[in-house]
Every structure is written in structure tokens, then in C-alpha cells.
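When the letters of the sequence shown are read in order and numbered with full-length UniProt numbering, they come out as residues 1 to 298.
Note that the Cβ used here is the ideal one computed from N, Cα and C, for glycine as well.
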Amino acid sequence: MIQLIIQEFRFQQLCRFKVTDEPVTSNDRLQLLTNSSKYALTFVAVKEGLKVIDTQELIKLNKEHATDKSVSTISNVPLRTIIPFTDKISHLVISCDDLTLAVACSSNGNVILYMYDVRGFANNQPNPFKTVRLNTSPGSSLCDVSWNPEITNIIITCTTDGGVELLEVNDNVQVSTLSVSTNATCFCWSPKGKQFVVGSKDGRLTQYDRTLVAKKNWPCPPILEGGPYQVVDIVWLSTYMFLVAYLPQTPDASDQPQVVMITSSKEGNTTYANFEDICFGSGEVRKAKYYMSLIMKW
1 MIQLIIQEFR
11 FQQLCRFKVT
21 DEPVTSNDRL
31 QLLTNSSKYA
41 LTFVAVKEGL
51 KVIDTQELIK
61 LNKEHATDKS
71 VSTISNVPLR
81 TIIPFTDKIS
91 HLVISCDDLT
101 LAVACSSNGN
111 VILYMYDVRG
121 FANNQPNPFK
131 TVRLNTSPGS
141 SLCDVSWNPE
151 ITNIIITCTT
161 DGGVELLEVN
171 DNVQVSTLSV
181 STNATCFCWS
191 PKGKQFVVGS
201 KDGRLTQYDR
211 TLVAKKNWPC
221 PPILEGGPYQ
231 VVDIVWLSTY
241 MFLVAYLPQT
251 PDASDQPQVV
261 MITSSKEGNT
271 TYANFEDICF
281 GSGEVRKAKY
291 YMSLIMKW
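Shown next, in the form of C-alpha cells:
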């Protein structure tokens, strides 16, 4: 096998692409963009529905505007298709094998997941093969959703009523739940997907296995002053290491998440490092969210 040694590898911003004429006005936690590297498709949720774009078209436009891409915004982006949605889309997430796209919508006080086979978009035959209504309290919305990083048919959701659902998507969807008394605010899978950790409204972290048995928990970090605090977002870095964003339970408009590195051990010794507000944010209307992701070595 021929190996190519890359001397330089970097992430570089492409042109800015305008995909909708109306700005997003929702204050909820949203995830409106995802893509499939395997099928070279980019998915964007807008007011009208779901826009599907050939990623190669974006790369082509970027080359055409190479000299002015730092200042120009391209609005005439060619679409592969647009799928109308009458319900409001809040989240787009794609499975680890790039085969299943979950589209989360709010509908009459319920949260609905539409499961699409990504190959259907490539063949211009996109239809959901499964529709799932989450068992949420009336009026609840979705605050977190993620596919398992290793097992292609398992997805977890977290809703604003504090509940967590683990869905195994087969011919029949098998559902396991953590009750609203969990007071969950967010979660994150372990790097290998064997367990997951849930953040809660009292600042606690709880580690679960896939059968929803609690294995370990950590209280709110003592280095956080004031409080009480809630967990906003988590990324699980390694066996005993987490990067966690915390926010006061009743935040002021000027409050920004504080990011804390939690390092524990098998013996239970735990250390904390507070990086504070790493984004130097200012007051925002939207609910706080950090888009944190672990990029593994490859």
C-alpha cells in the first residue's frame, strides 16, 4: 500500500454561504447543521424545512471565490433538494457510519425524531423510515441528542423536563429512560460509546452504562464560587477526564459558562482546573450552549 506523508494539515475556513433569508430567532438550544463525509452531503435546517447540499458544490464555489472569500458571502448556493417541514426543526445529527440522519422537530408540544437513510438523499429518494415520539412532559423541548460513536443504531436524547431516553433503532424502536427526577440538562458519550455521562441542574455529573445503571458520580466542582450551578455541556475526553461548562441556575444576562477540566482516578481522587469563560462572550438571549467535540487521533 502506498503511503502519502502530509507535511501540512490544517483546518481552513471556506467562503461564507447564505442558506436562508431569515435569521434564526429561536432562544432554544439548536443544532441546525451536519454533514455526511461518506456521501458528500451537507444538511441545513431552515424555516422552510431541510436543505440538502452537495458538499462538492460548496468546495467548487469556494475555489471560484478564492481571492475574496474572506469578505464575500455567497447566496446562490445550489441545492440537491429541500424537504418541506411544517414543524420546527431543532436538531440534526448523523450516525457514526453516516447512514442515518435524525431530524428532531417540535410538534404540538411533543418532540418527534424522523430517521432518514442518508443513501436516500444521494439517490434523490429521501423518506423517513422511522418516526419516534419521545416520552416527554407536555411542552418540553429537546436540549441534547447524540448518536453512539461506535454502535450505529443507538441514540440518546435529553429534554428540558430533565428526562433522558436511550433509543435502539431496529425494526422496532426499543426505549430505555431515565426519569425527569434525574434533572438532566445535557450528556456525552464516552469516546468508545460504552458509557455516557449526564450533567444535571444541580451541577452533578453521573456516569451510566448502556443499561442505564449509574456507575459513578461527581458533585458540582468546589472551585466554582457563588452558585448554585447547572451543567450546560460536557465532552468526555478520556476514562476519568471531562471538560464541562457550568452556568448559574438562575443566570443573569451577562453570565457566561465557566469551563472546568475535571480529572478523576480509579481511586476517586479528583482535581479541577477552571478555565472560566474561554470564549469571552457577552450577554445573549439564547439559552447557553457550547458545541464541544472530541476529535480522536487517526
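By alpha-carbon positions, which one of the options ends up nearest to residue i?
| i | options | result |
| --- | --- | --- |
| VAL93 | LYS194, VAL132, GLN31 and LYS201 | GLN31 |
| PHE275 | VAL52, SER90, VAL285 and TYR246 | TYR246 |
| GLU57 | SER72, LEU41, ALA253 and ALA45 | LEU41 |
| TYR240 | VAL118, GLN207, TYR229 and PHE280 | GLN207 |
| CYS96 | SER146, ASP54 and GLY199 | SER146 |
| VAL52 | PRO23, PHE121, ALA66 and TYR114 | PHE121 |
| THR152 | LYS289, VAL197 and ALA102 | ALA102 |
| LEU224 | ASP209, LYS216, ASP202 and SER238 | ASP202 |
| GLN249 | ARG119, ASN269 and ARG204 | ARG204 |
| VAL180 | CYS279, ASN135, ASN170 and ILE154 | ASN135 |
| ASN269 | LEU61, GLY227, VAL235 and TRP218 | TRP218 |
| PHE199 | CYS220, PRO191, THR211 and ALA66 | In the sequence on display, residue 199 carries Gly and not Phe. When each option's Cα is compared against that of GLY199, the closest is CYS220. |
| TYR290 | ILE6, ASP28 and GLU165 | ASP28 |
| ASN172 | GLY226, LYS130 and LEU4 | LYS130 |
| PRO251 | ALA288, ASN62 and SER238 | ALA288 |
| ASN35 | THR100, PHE85, LYS47 and GLY281 | THR100 |
| SER37 | ASP98, ASP233, SER70 and GLY227 | ASP98 |
| SER90 | ILE59, ARG133 and SER26 | SER26 |
In this structure, how does DSSP classify residue i when only helix, strand and coil are distinguished?
| i | result |
| --- | --- |
| LEU79 | coil |
| LYS88 | strand |
| GLY193 | coil |
| ARG133 | strand |
| ILE59 | helix |
| ARG119 | helix |
| GLU64 | helix |
| ARG164 | Note that residue 164 is Val in the sequence shown, not Arg. VAL164 falls in the strand class under three-state DSSP. |
| GLN249 | coil |
| ASP54 | strand |
| ASN172 | coil |
| PRO10 | Per the sequence presented here, residue 10 reads as Arg, with Pro not at that position. In the structure shown, ARG10 sits in coil (DSSP, three-state: anything other than H, G, I, E or B). |
Rounded to whole angstroms, what is the Cα-Cα separation between residue i and residue j?
| i | j | result |
| --- | --- | --- |
| VAL285 | ASN124 | 38 Å |
| ALA214 | GLN258 | 26 Å |
| GLY49 | ARG16 | 21 Å |
| LYS266 | PRO23 | 47 Å |
| THR55 | GLN13 | 14 Å |
| VAL175 | LYS194 | 17 Å |
| PRO149 | ILE295 | 11 Å |
| PRO126 | ILE82 | 10 Å |
| ILE262 | ALA253 | 26 Å |
| VAL260 | ASP209 | 23 Å |
| VAL231 | LYS18 | 33 Å |
| TYR272 | CYS279 | 19 Å |
| ALA104 | VAL118 | 15 Å |
| LEU166 | ARG10 | 36 Å |
| THR177 | MET292 | 24 Å |
Do the stretch 65-78 and the stretch 158-167 meet, that is, are 3 or more Cβ pairs less than 8 Å apart?
no
Check whether the stretch 184-194 and the stretch 231-245 are in contact - that is, three or more C-beta pairs closer than 8 Å.
yes
For the stretch 174-247, list the beta strand (DSSP E) runs that are entirely contained and at least 3 residues long, ordered along the chain.
184-189, 195-200, 205-209, 214-218 and 229-238
Please specify which runs of the beta strand (DSSP E), each continuous and at least 3 residues long, are wholly inside the stretch 257-295, giving them in chain order.
258-263 and 271-276
Using 8 Å as the Cβ pair cut-off and three pairs as the minimum, do the stretch 135-145 and the stretch 110-120 touch?
yes
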